[in-house]
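Asks:
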Amino acid sequence: MLVVAAVGGNALLQRGQPLTALAQRANVRTAAEALARIVRAGHQLIVTHGNGPQVGLLALQGAAYKPDEAYPLDVLGAETEGMIGYLIEQELENSLGHDHAVATLLTQVIVDPKDPAFHTPTKFVGPVYTRGEAEARAKAAGWTIAQDGEDWRRVVPSPAPIEIPDMRVLRLLLDQGVIVICAGGGGIPVIRRADGSMIGVEAVIDKDAASAMLAADIGADALLLLTDVDAVYQAFGSDAATPMAHLTPDQGRALSMPKGSMGPKVSAACGFAELGGFAGIGRLADALAILEGKAGTRIAAENRDTP
Numbered sequence: 001m002l003v004v005a006a007v008g009g010n011a012l013l014q015r016g017q018p019l020t021a022l023a024q025r026a027n028v029r030t031a032a033e034a035l036a037r038i039v040r041a042g043h044q045l046i047v048t049h050g051n052g053p054q055v056g057l058l059a060l061q062g063a064a065y066k067p068d069e070a071y072p073l074d075v076l077g078a079e080t081e082g083m084i085g086y087l088i089e090q091e092l093e094n095s096l097g098h099d100h101a102v103a104t105l106l107t108q109v110i111v112d113p114k115d116p117a118f119h120t121p122t123k124f125v126g127p128v129y130t131r132g133e134a135e136a137r138a139k140a141a142g143w144t145i146a147q148d149g150e151d152w153r154r155v156v157p158s159p160a161p162i163e164i165p166d167m168r169v170l171r172l173l174l175d176q177g178v179i180v181i182c183a184g185g186g187g188i189p190v191i192r193r194a195d196g197s198m199i200g201v202e203a204v205i206d207k208d209a210a211s212a213m214l215a216a217d218i219g220a221d222a223l224l225l226l227t228d229v230d231a232v233y234q235a236f237g238s239d240a241a242t243p244m245a246h247l248t249p250d251q252g253r254a255l256s257m258p259k260g261s262m263g264p265k266v267s268a269a270c271g272f273a274e275l276g277g278f279a280g281i282g283r284l285a286d287a288l289a290i291l292e293g294k295a296g297t298r299i300a301a302e303n304r305d306t307p
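Put into structure tokens, the structure is as follows:
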């Protein structure tokens with residue numbers, strides 16, 4: 001099968017961990033071993049990844065510049081694609097004993113400049129803060145902030161992906177049997193101008209939405225949305241929370257899920273499943289088991305057993 005595996009940014013740099021290269025590499029090494037099991041099982045693999053903690057970190061570092069010298073979010077997104085892609089590429093090569101070609105592709109993703117998301121920031125980036133810390137930083141830097149669980153974080157615009165202009169390059173790599181790491185952080189957000197040229201915009205695209213679009217466009221058989229939660233839960237966060245092993249797209253869309261975390265994953269999974277593939281949501285360490293229907297939540301147009 002052709003599998004698109006989307007690794008959450010929080011799985012690569014876990015909540016509460018120091019934002020250090022050492023911590024990130026250790027997590028990527030663990031992630032790479034989980035992804036390598038998919039390849040060893042005989043499947044073709046495309047890896048996408050989140051970048052919320054990382055792009056927020058670079059934005060904080062950019063605060064050392066004068067306001068008119070700080071780099072915009074599209075450039076920071078490109079930097080995180082290179083940074084995280086490099087680590088995944090290297091650790092995946094190591095896990096596979098350098099028997100497979102692996103390449104990172106900086107991926108532009110076109111968005112609509114009139115997307116209403118530009119006026120309603122929802123995408124979490126950067127580290128977590130107490131409410132007082134977040135409010136103080138927001139006042140000083142002009143941020144928009146929102147509650148993330150028990151903590152508070154910066155939020156930025158997250159327009160919907162429309163098109164991946166780099167699909168031709170991706171297909172060339174897949175045709176040569178390359179494991180491709182692409183669309184990191186949802187891809188680099190760009191708009192197409194009237195003359196056909198493209199330019200970056202200040203936003204962060206939802207990684208799950210971009211991964212689902214990529215999976216559909218490339219004709220993938222399966223989409224895995226891998227995070228630090230073992231499944232989709234009904235009544236998540238309550239005493240009655242129950243993991244759900246199987247869902248149809250209609251059942252998934254009927255669920256009430258947090259907009260900043262599990263909600264986008266379920267929405268992306270349902271959209272892909274409606275096109276005929278199947279999606280799995282669960283813990284990164286269980287990646288192969290999710291693909292085989294032995295763990296996580298499987299979303300498919302029909303609730304049937306594993307393929």
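If you count by UniProt numbering, then the sequence shown holds residues 1 to 307, one letter each, in order.
We put the beta carbon where it would ideally sit given N, CA and C, even for glycine.
1) Thinking C-alpha only, which one of Thr-297, Pro-189, Asp-151 is nearest Pro-165?
2) Between Gly-196, Gln-54, Ala-138, which lies nearest to Ile-110 when the distance is taken from Cα to Cα?
3) Let me make sure I understand the geometry here. Which of His-43, Thr-20, Ile-38 has the alpha-carbon closest to that of Leu-58?
4) By how many angstroms is the C-alpha of Thr-107 removed from the C-alpha of Glu-302?
5) Scan the segment 152 to 201 and note each continuous beta strand (DSSP E) run of 3 residues or more that stays entirely inside, going in chain order.
6) What is the DSSP secondary structure of Phe-236, counted as helix, strand or coil?
7) Leaving out five residues on either side along the sequence, give the residues of the same chain with a beta carbon under 7 Å from the beta carbon of His-100.
8) Which residues share a DSSP beta bridge with Tyr-71?
9) By how many angstroms is the C-alpha of Gly-187 removed from the C-alpha of Asp-112?
10) Rounded to a whole number of angstroms, what is the C-alpha to C-alpha distance between Gly-9 and Ala-194?
11) Please confirm whether Thr-89 and Ile-218 have their CB atoms less than 7 Å apart.
12) Measuring CB to CB, does Met-213 end up less than 7 Å from Pro-161?
13) Going by DSSP in three states, Thr-48 sits in which element: helix, strand or coil?
14) Sorted by chain position, which residues of the same chain lie with C-beta nearer than 7 Å to Gly-85's C-beta, five sequence neighbours on each side aside?
15) Using a threshold of 7 Å, state whether the C-beta atoms of Ser-211 and Val-55 are closer than that.
16) Can you tell me where the beta strand (DSSP E) with Thr-144 in it begins and where it stops?
17) Output the distance between the C-alpha atoms of Ala-300 and Leu-174, rounded to the nearest integer angstrom.
18) How close, in whole Å, do the beta carbons of Leu-60 and Gly-126 come, if the pair is a contact with beta carbons under 8 Å?
19) Measuring straight from C-alpha to C-alpha, what distance separates Val-128 and Trp-152?
20) Once DSSP output is grouped into helix, strand and coil, what is the label at Gly-280?
21) State the Cα-Cα distance for the pair Ser-256 and Tyr-71, rounded to the nearest angstrom.
22) Express the C-alpha separation of Leu-73 and Leu-226 in angstroms, rounding to a whole number.
23) Give the C-beta separation of Gly-296 and Asp-230 to the nearest angstrom, bearing in mind that I take them to be a contact with Cβ-Cβ under 8 Å.
24) Thr-306 to Ala-279, Cα distance in whole Å?
25) By the DSSP assignment, the beta strand (DSSP E) with Gln-24 in it spans what residues?
Replies: Taking the structure as given:
1) Pro-189
2) Gly-196
3) Thr-20
4) Their Cα atoms are separated by approximately 32 Å.
5) 161 to 163, 179 to 182, 188 to 192, 198 to 200
6) coil
7) Taken in chain order, the residues that qualify are Val-39, Ile-179.
8) Answer is none; Tyr-71 lacks a bridge partner.
9) 14 Å
10) 34 Å
11) Checking the displayed sequence, the identity of residue 89 turns out to be Glu instead of Thr. Against a cut-off of 7 Å, the Cβ pair of Ile-218 and Glu-89 comes out as no contact.
12) yes
13) strand
14) Thr-104, Ile-181, Gly-184
15) no
16) 144 to 148
17) Each residue's Cα considered, the two are about 25 Å apart.
18) 6 Å
19) Rounded to the nearest angstrom, the two C-alpha atoms are 6 Å apart.
20) Assigned with DSSP and collapsed to three states, Gly-280 falls in strand.
21) Rounded to the nearest angstrom, the two C-alpha atoms are 36 Å apart.
22) 24 Å
23) 7 Å
24) Any answer about Thr-306 is weak, because its pLDDT of 43 lies below 50 and its placement is not dependable; what the coordinates show is given next. Roughly 11 Å separates the two Cα atoms.
25) Note, Gln-24: premise wrong, no beta strand (DSSP E); alpha helix (DSSP H) at 21 to 40.
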